[in-house]
Structure formats: structure tokens, C-alpha cells
Amino acid sequence: MQMQVFDDIRNPTWLAINPAQTCLYAVSEIDNYQGTRSGAVVSYAIDSESLQLRRLGVVSSAGATPAHASVHPSGNFVFVANYGGGNVAVFPVGQGGNLGEATDVRPSVGARHHARAVDDPPGQFAVSDHDGPHLHMIAADPSGQFVIANDAGLDLTLVWRFDAQAGRLLPADVPVIAAPSGAAPRHFAFHPNGRIFYNLYEHDAKIAVYDYDAAKGGLKPKQLVSALPPKFSGSNLSCEIILTSDGDISMCRIACTVASRRLRWRLTVSCG
Numbered sequence: 000m001q002m003q004v005f006d007d008i009r010n011p012t013w014l015a016i017n018p019a020q021t022c023l024y025a026v027s028e029i030d031n032y033q034g035t036r037s038g039a040v041v042s043y044a045i046d047s048e049s050l051q052l053r054r055l056g057v058v059s060s061a062g063a064t065p066a067h068a069s070v071h072p073s074g075n076f077v078f079v080a081n082y083g084g085g086n087v088a089v090f091p092v093g094q095g096g097n098l099g100e101a102t103d104v105r106p107s108v109g110a111r112h113h114a115r116a117v118d119d120p121p122g123q124f125a126v127s128d129h130d131g132p133h134l135h136m137i138a139a140d141p142s143g144q145f146v147i148a149n150d151a152g153l154d155l156t157l158v159w160r161f162d163a164q165a166g167r168l169l170p171a172d173v174p175v176i177a178a179p180s181g182a183a184p185r186h187f188a189f190h191p192n193g194r195i196f197y198n199l200y201e202h203d204a205k206i207a208v209y210d211y212d213a214a215k216g217g218l219k220p221k222q223l224v225s226a227l228p229p230k231f232s233g234s235n236l237s238c239e240i241i242l243t244s245d246g247d248i249s250m251c252r253i254a255c256t257v258a259s260r261r262l263r264w265r266l267t268v269s270c271g
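Its first residue numbered 0, the sequence shown is counted upward by one per residue in numbering that gives the first Met the number 0.
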């Protein structure tokens, strides 16, 4: 049953809920917020009894066309990946859940790669955007000590140590992990045990599996498997990877829905 409709946000493409389930954050994937080359992040309060949403405010995403947002395990910061801006940004959460201006903005830098993956599936005709950096996802590890982002445009996975006092991203011991040229690492997920990291490549439809060192934010490759059925032929762009609480992997082609853990309501955004 539809409970509410909000038309006060342009092109909402990703939703994130804080751990306490009291606030919702939605990215507005635009590139002209208040006349700047930036998108926006809109915050909403969630009423614990009625589950109605109430708009709190909006801030610049600090980069063009934001594609993803996530909340730090503490609930004190929101991370945003700006696809068009080629950067990531950190936002402090104020009293009541509203966002302050970015405390840190980090660009992605590297060489341009091929528009097609070196190991495309047979019959693949789609091309990914490899004209420059395109940050597609950012999230903290389960401990909140490290923050990881995927740059699908430069085929990179970036790792930072997170300063939770200042809201700053600091270089990890190994700050960059490269994917095969044209692979386009897009979304990732941690196993519930926190020791295995799954990285989904958009263009060649592969899942890269890593052992994760939670003390150093280190990723050690252990497996690369196809996300497609055996003998698949045709065009495919992988979108999102999620794990259930028991560790089973599920993949989604379109990731535009966030459900409450209480399963009492579901929020859907309309993209485009």
C-alpha cells in the first residue's frame, strides 16, 4: 500500500537508512544543484510510530550526479559517491539527522582504460563509461574503521582509513586495488563474518572474492567467478550485489528499493 509520495527531489537514484532507522537519505542525481556542477543529498526523518517521512533539509553532494550513499555504522556520517564528479564526499550528521556541509572530498585519479572489458562475456555489445573517473559506490567496512569505494570508470577499488572524529578519509596501507581493464568495479558487499569481500564487476559480469584484513583494511584476492549462468551469451551489465544474513549472495539488475529491517514498509524511488 502506498503511504506517501515525495516530489520535492529531482531524479532520486539511491536511498540509505541510518542504523537506528530514524533517518532516510536520498541522493538527487543531478549536475546543477543551485547553479553549481553538483548533485544533492536530501535528508528525511522517519516517524517511529506512523513511519511517515518528514523532509529535514538538503545539501550539495560536492560533485556531479551522485550515484550512491551509505551511512557509517555509528550513524554519525553519510558517505556519497559522485559518479559524474569523479569523487567521494563525507557529510556529518547533525542533531535530528540533518546533514552538514562535507568534511572531506576525495577525487579518484588514474589512467583511462578500455571501454570494453578484456574478458567480456560472449555477445556483449554494451560499453561502460571509461572516459574518466566514475565513483559508483562508497561504504564503510563492518567495523567502521575503513571506507571503501569503487571507481567503475578507472577500474579501481579505493580504500581509506576513516577518522571518525574529524570525518576525514586517510590513506590505507594499500589505498588502491586495480581491476582488469574495462571490468568496471561497481558494487561490493561484505560477508556477515566481516572477513570476506565480494566485488562485482559491471562490464564483464564477474565477482572478485577477497579475504579482508579488518585490522589494516587489506584485500587479498582469492577467487574470480562469473556472475552469469553457464553458456550465457548476450549483453549484460551487472548492477548490485547483496548478501542475506546467512551469507548467500543475491544480485539485482536494478537497485532502487530499500526495505526496513522491520519489514513493515518499503521505499521505492523513481529514476530518470
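A virtual CB, placed ideally from N, CA and C, is assigned to each residue, including glycine.
Nothing here was measured: the structure is a model prediction, and the numbers come from that model.
Does DSSP put residue 33 in a helix, a strand or coil?
helix
Count the other C-beta atoms from every protein chain shown that fall within 10 angstroms of the C-beta of residue 2, then say buried if there are 16 or more, exposed otherwise.
Residue 2 counts as exposed, since fewer than 16 other C-beta atoms from the protein chains shown sit within 10 angstroms of its C-beta.
DSSP on residue 56, reduced to helix/strand/coil?
strand
Can you tell me which of the three DSSP states residue 217 falls into?
strand
When the Cβ atoms of the region 208-220 are set against those of the region 184-195, are three or more pairs found closer than 8 angstroms?
yes
With a Cβ-Cβ cutoff of 8 angstroms, do residue 55 and residue 99 count as a contact?
no
Are the beta-carbon atoms belonging to residue 60 and residue 38 less than 8 angstroms from one another?
yes
Look at the Cβ atom of residue 86, then the Cβ atom of residue 111, and state whether they are nearer than 8 angstroms.
Cβ atoms of residue 86 and residue 111: not closer than 8 angstroms.
Report yes or no: do three or more beta-carbon pairs, one from the region 64-80 and one from the region 118-129, lie closer than 8 angstroms?
Judged by Cβ distances under 8 angstroms, the region 64-80 makes no contact with the region 118-129, as fewer than three pairs qualify.
Is residue 94 helix, strand or coil by DSSP?
helix
Express the C-alpha separation of residue 230 and residue 51 in angstroms, rounding to a whole number.
Cα to Cα, residue 51 sits roughly 47 angstroms from residue 230.
If you drop the 5 nearest sequence neighbours on each side, which residues of the same chain put their C-beta closer than 7 angstroms to that of residue 19?
74
Given a cut-off of 8 angstroms, decide if residue 178 and residue 154 are closer than it, judged by their beta-carbon atoms.
yes
Does the Cβ-Cβ distance between residue 201 and residue 183 come in under 8 angstroms?
Note that the C-beta distance between residue 201 and residue 183 is below 8 angstroms.
Return the chain-ordered list of same chain residues with a C-beta closer than 7 angstroms to the C-beta of residue 204, the five sequence neighbours on each side being excluded.
120, 225, 226, 227, 235 and 237
For the region 134-170, which segments carrying the beta strand (DSSP E) assignment without a break, of at least 3 residues, lie completely within its bounds, in sequence order?
134-139, 145-150 and 155-162
Helix, strand or coil: which one does DSSP assign to residue 192?
coil
In the DSSP output, which residue or residues are listed as bridge partners for residue 207?
198 and 223
Cα-Cα, which of 28, 49, 62 and 13 is closest to residue 36?
62
In the DSSP output, which residue or residues are listed as bridge partners for residue 22?
44
Taking the beta strand (DSSP E) that residue 67 falls in, what are its first and last residues?
65-70
How about residue 191 and residue 134: do their beta carbons lie closer than 8 angstroms?
no
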